[in-house]
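Enquirer:
Number of protein chains: 4
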Amino acid sequence: MSVAEQMLRSHPDERDEANRDRVLECVEACLACAQACTACADACLGEEELDRLRECVRTDLDCADQCAATGRILTRRTGGDTRLVRAVLEACAQACASCAEECERHASHHEHCRVCAQACRRCERACRELLATL
Amino acid sequence: MSVAEQMLRSHPDERDEANRDRVLECVEACLACAQACTACADACLGEEELDRLRECVRTDLDCADQCAATGRILTRRTGGDTRLVRAVLEACAQACASCAEECERHASHHEHCRVCAQACRRCERACRELLATL
Amino acid sequence: MSVAEQMLRSHPDERDEANRDRVLECVEACLACAQACTACADACLGEEELDRLRECVRTDLDCADQCAATGRILTRRTGGDTRLVRAVLEACAQACASCAEECERHASHHEHCRVCAQACRRCERACRELLATL
Amino acid sequence: MSVAEQMLRSHPDERDEANRDRVLECVEACLACAQACTACADACLGEEELDRLRECVRTDLDCADQCAATGRILTRRTGGDTRLVRAVLEACAQACASCAEECERHASHHEHCRVCAQACRRCERACRELLATL
Numbered sequence: 000m001s002v003a004e005q006m007l008r009s010h011p012d013e014r015d016e017a018n019r020d021r022v023l024e025c026v027e028a029c030l031a032c033a034q035a036c037t038a039c040a041d042a043c044l045g046e047e048e049l050d051r052l053r054e055c056v057r058t059d060l061d062c063a064d065q066c067a068a069t070g071r072i073l074t075r076r077t078g079g080d081t082r083l084v085r086a087v088l089e090a091c092a093q094a095c096a097s098c099a100e101e102c103e104r105h106a107s108h109h110e111h112c113r114v115c116a117q118a119c120r121r122c123e124r125a126c127r128e129l130l131a132t133l
Numbered sequence: 000m001s002v003a004e005q006m007l008r009s010h011p012d013e014r015d016e017a018n019r020d021r022v023l024e025c026v027e028a029c030l031a032c033a034q035a036c037t038a039c040a041d042a043c044l045g046e047e048e049l050d051r052l053r054e055c056v057r058t059d060l061d062c063a064d065q066c067a068a069t070g071r072i073l074t075r076r077t078g079g080d081t082r083l084v085r086a087v088l089e090a091c092a093q094a095c096a097s098c099a100e101e102c103e104r105h106a107s108h109h110e111h112c113r114v115c116a117q118a119c120r121r122c123e124r125a126c127r128e129l130l131a132t133l
Numbered sequence: 000m001s002v003a004e005q006m007l008r009s010h011p012d013e014r015d016e017a018n019r020d021r022v023l024e025c026v027e028a029c030l031a032c033a034q035a036c037t038a039c040a041d042a043c044l045g046e047e048e049l050d051r052l053r054e055c056v057r058t059d060l061d062c063a064d065q066c067a068a069t070g071r072i073l074t075r076r077t078g079g080d081t082r083l084v085r086a087v088l089e090a091c092a093q094a095c096a097s098c099a100e101e102c103e104r105h106a107s108h109h110e111h112c113r114v115c116a117q118a119c120r121r122c123e124r125a126c127r128e129l130l131a132t133l
Numbered sequence: 000m001s002v003a004e005q006m007l008r009s010h011p012d013e014r015d016e017a018n019r020d021r022v023l024e025c026v027e028a029c030l031a032c033a034q035a036c037t038a039c040a041d042a043c044l045g046e047e048e049l050d051r052l053r054e055c056v057r058t059d060l061d062c063a064d065q066c067a068a069t070g071r072i073l074t075r076r077t078g079g080d081t082r083l084v085r086a087v088l089e090a091c092a093q094a095c096a097s098c099a100e101e102c103e104r105h106a107s108h109h110e111h112c113r114v115c116a117q118a119c120r121r122c123e124r125a126c127r128e129l130l131a132t133l
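Chains as they are written, first to last, in numbering that gives the first Met the number 0: chain V, 0 to 133; chain C, 0 to 133; chain P, 0 to 133; chain G, 0 to 133.
1) Between which two residues does the alpha helix (DSSP H) harbouring M0 (chain G) extend?
2) Can you name the residues of chain C whose CB is closer than 8 Å to the CB of S1 (chain V)?
3) Less than 7 Å between CB atoms is the rule here; does Q34 (chain P) satisfy it with respect to chain V?
4) Mind pulling the chain C residues with CB within less than 7 Å of V56 (chain P)?
5) Got a sec: which bits of the segment 5-30 of chain P sit with their beta carbon under 8 Å from any beta carbon on chain G, in order along the chain?
6) Helix, strand or coil: which one does DSSP assign to R121 (chain G)?
7) Return the Cβ separation of C122 (chain P) and C32 (chain P) in integer angstroms, given the expectation that the two are a contact with Cβ distance under 8 Å.
8) Taking just the CA atoms, how far does A86 (chain C) sit from C62 (chain C)?
9) Going by CA-CA distance only, name the one from G:E48, G:A116, G:D50, G:C29 that's closest to A96 (chain G).
10) With a threshold of 16 other CB atoms inside 10 Å of the CB of T69 (chain P), please say whether the residue is buried or exposed.
11) Skipping 5 residues on each side, what residues in its chain have a beta carbon closer than 8 Å to that of R82 (chain C)?
12) Buried or exposed for R51 (chain C), please, with buried defined as at least 16 other CB atoms from any protein chain shown within 10 angstroms of its CB.
13) In chain order, what residues of the same chain have a beta carbon less than 6 Å from the beta carbon of D80 (chain P), not counting five sequence neighbours either side?
14) Ordered along the chain, which non-local residues of its own chain (more than five positions away) have a Cβ less than 8 Å from that of A40 (chain G)?
15) For chain P, check one thing: does any of its Cβ atoms lie closer than 7 Å to the Cβ of R51 (chain C)?
16) Three Cβ pairs or more, each shorter than 8 Å: is that satisfied between the segment 0-9 of chain V and the segment 21-31 of chain V?
17) What is the rounded straight-line gap between the Cα of R127 (chain C) and the Cα of R21 (chain C)?
18) When the Cα atoms are used, what is the spatial distance from E48 (chain C) to C98 (chain C)?
19) Excluding the 5 residues preceding and the 5 following T74 (chain V) in the sequence, name in chain order all residues of the same chain whose CB lies nearer than 7 Å to its CB.
20) Write down every uninterrupted run of the alpha helix (DSSP H) in the segment 44-112 of chain V whose length is 4 residues or greater and which is fully enclosed by it, in chain order.
21) Could you give the C-beta distance for E100 (chain P) and S9 (chain V), rounded to a whole number, given that I count them as a contact under 8 Å?
22) Nearest CA to the CA of R71 (chain C): which residue from G:R19, G:T37, G:R120, G:E16?
23) Expressed to the nearest angstrom, what Euclidean distance is found between the alpha-carbon atoms of S107 (chain C) and R113 (chain C)?
24) Taking 7 Å as the threshold (C-beta atoms), are P11 (chain V) and E16 (chain P) in contact?
25) When you compare only the Cα positions, how much space is there between A125 (chain C) and Q93 (chain C)?
26) In whole angstroms, what is the alpha-carbon distance linking A35 (chain G) and E89 (chain C)?
27) Classify D20 (chain G) as helix, strand or coil using the three-state DSSP reduction.
28) Using only alpha-carbon positions, find the residue among C:L130, C:A118, C:L44, C:L7 that is nearest to C66 (chain C).
29) Show which residues of chain G have a CB atom less than 7 Å away from the CB atom of T77 (chain C).
30) Which word fits A42 (chain P), buried or exposed, when buried means at least 16 other C-beta atoms lie within 10 angstroms of its C-beta?
31) Could you compute how far the alpha carbon of R214 (chain C) sits from the alpha carbon of L44 (chain V)?
32) Spatial neighbours of T134 (chain C) within its chain, please: CB distance less than 7 Å, with the 5 preceding and 5 following residues excluded, ordered by chain position.
33) Between the alpha carbons of L130 (chain G) and L7 (chain G), how many angstroms are there, rounded?
34) Residues of chain V with a CB under 7 Å from the CB of A68 (chain P): which are they?
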């Protein structure tokens, strides 16, 4: 069992139990995507053809910031405002979609872009699936 | 001239000049709001009646995270995806509205909630005014 | 293979290969600890005896912030300043030690504090082991 | 009075009053530096000679992350562990010194590097002055 799952299961509030797997998948997808985007921006920075990767660095950094914020907000289970959570999930799904599109353009040249695009698509999907239940 | 304004004026890309004041106001409002929300959550934690401030701490922390991410994303002016920026501004405006509503409930008892609610309303307004131009 | 490991292996710079496992363990421990601390602060906020958990919330939030920053900084492999990385690892090891001490006080009453203390101790160890190689 | 100062003055804990100006200067310097470094990394990304600015982008991003974490941790006044605060301030002073050194190399060519280096030096000084009182 991952640390995130152990933490979720030990939370004093029991509500939302039915949704626990979707919340957990979304938290873990956000954290993995934030890390992948931070790593991809940095790997781009080390590439010879950096000049053609400016937009990729930019979108990576934006996506990393939004995913990190979303992962923290979803981690919180005490109280909270559904309108806020919904808007944050929408923003995160869009950030992931934008970053995935950009990374997919470079996926055949750079393995880090290929892996990062996958992490973005997983996170986009997890956000949309959680949104559908709210 | 604030550091944020000096940085914005020295950016190599000149596009968006007409919108510069709105971007700058939004960046500064996001940073001030993130700081105020972090401080308000902590001040609540030091209050005797902490029991009645749980929801306030929660919404403060969520709003701080979203404002910090939005402030970073808006600070970036190289390239970027308008769909992403728009979704992030929508999420930030909602996070600020939710947090302001909660803090306003406690504003007559706690000066930190009153000041924090003001910072949230300023940031909500700045996000909506920038959104209207995108 | 985790996303973080795939990203590390696809980085254009090959230097540091000998140290790759230690860097990877430290990145993953930082991310897991940041998430656990964010979750523990929130779980404390939902506990009836919140009054006795103020210090735990505080240290959780501080540790979450330092671990998140450290995880991002360590994720970057292009260039970088060893003095900076060393100081950040020292700060992270101390944040984890402080938070673990506090959470251990509540570990017999709250499962989330027990799990969080473990995540802190793992991260403290990973930081110290990486420090020993720099 | 800035929002940060209003928040600090309305905190329920009165201890540390003598040190309030130093804490406030350090919080504000951290926030301004984090924003300046985020902006400088992005401005570098938009420069024609990006190839020569790789190290500057890297150090900017690291410094932004450490300053943001330090600004949040210092903002908290309820409880807290002095060993943790001290280690975080040391890390932040080093991150600022490293980033200032790098930005100073480009200060005559790029106004954003010149302004960013100033923000780093101010933050480094504020951290060291606060450290001297702990």
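Backbone N, C-alpha and C fix where the C-beta goes; we use that ideal spot for every residue, glycine too.
These numbers were taken from a predicted model, which means no experiment stands behind them.
Expert: On the basis of the supplied data:
1) Run containing M0 (chain G): none; DSSP gives neither H nor E here.
2) Per Cβ cutoff of 8 Å: no residues; S1 (chain V) is ~21 Å from chain C at best.
3) So, interface residue.
4) Scanning chain C for C-beta atoms nearer than 7 Å to the C-beta of V56 (chain P) yields L44, reported in chain order.
5) The residues in question: there are none.
6) Helix at R121 (chain G).
7) About 4 Å; that satisfies the 8 Å criterion.
8) Taking the straight line from one Cα to the other gives about 15 Å.
9) Per the Cα distances, G:A116.
10) Buried is the call here.
11) Counting only Cβ-Cβ distances below 8 Å, and skipping sequence neighbours, we find nothing.
12) Looking at its Cβ environment, which holds fewer than 16 other Cβ atoms inside 10 Å, R51 (chain C) is exposed.
13) Sequence-distant partners of D80 (chain P) (beyond 5 residues in either direction) whose C-beta falls short of 6 Å from its own C-beta are missing from its chain.
14) Around A40 (chain G): C55, V56, D59, L60, A63.
15) Chain P contact via Cβ: absent.
16) These segments touch.
17) Those two C-alpha atoms are separated by around 10 Å.
18) So the two alpha carbons sit approximately 19 Å from each other.
19) V26, listed in sequence order.
20) Entirely contained in the segment 44-112 of chain V, the alpha helix (DSSP H) runs reaching 4 residues are, in chain order, 53-74, 81-104.
21) Not really, about 19 Å apart at Cβ, beyond 8 Å.
22) The closest CA to that of R71 (chain C), considering only G:R19, G:T37, G:R120, G:E16, is found on G:T37.
23) Rounded to whole angstroms, S107 (chain C) to R113 (chain C) spans 7 Å at the Cα level.
24) Result no, Cβ atoms of E16 (chain P) and P11 (chain V) do not sit closer than 7 Å.
25) For A125 (chain C) and Q93 (chain C), the distance between alpha carbons rounds to 12 Å.
26) Near 24 Å, if we compare the C-alpha coordinates of E89 (chain C) and A35 (chain G).
27) DSSP places D20 (chain G) within a helical segment (H, G or I) once states are collapsed to three.
28) When only C-alpha atoms are compared, the closest one is C:A118.
29) Those are D41, L44, G45, listed as they occur along chain G.
30) So A42 (chain P) ends up on the buried side.
31) For residue 214 (chain C) there is no data in the structure shown, the boundaries of chain C being 0 and 133.
32) This structure gives no information on residue 134 (chain C), because the portion of chain C shown stretches from 0 to 133.
33) Rounded to whole angstroms, L130 (chain G) and L7 (chain G) show a C-alpha spacing of 19 Å.
34) What A68 (chain P) touches in chain V: nothing, since even the nearest Cβ is about 11 Å away.
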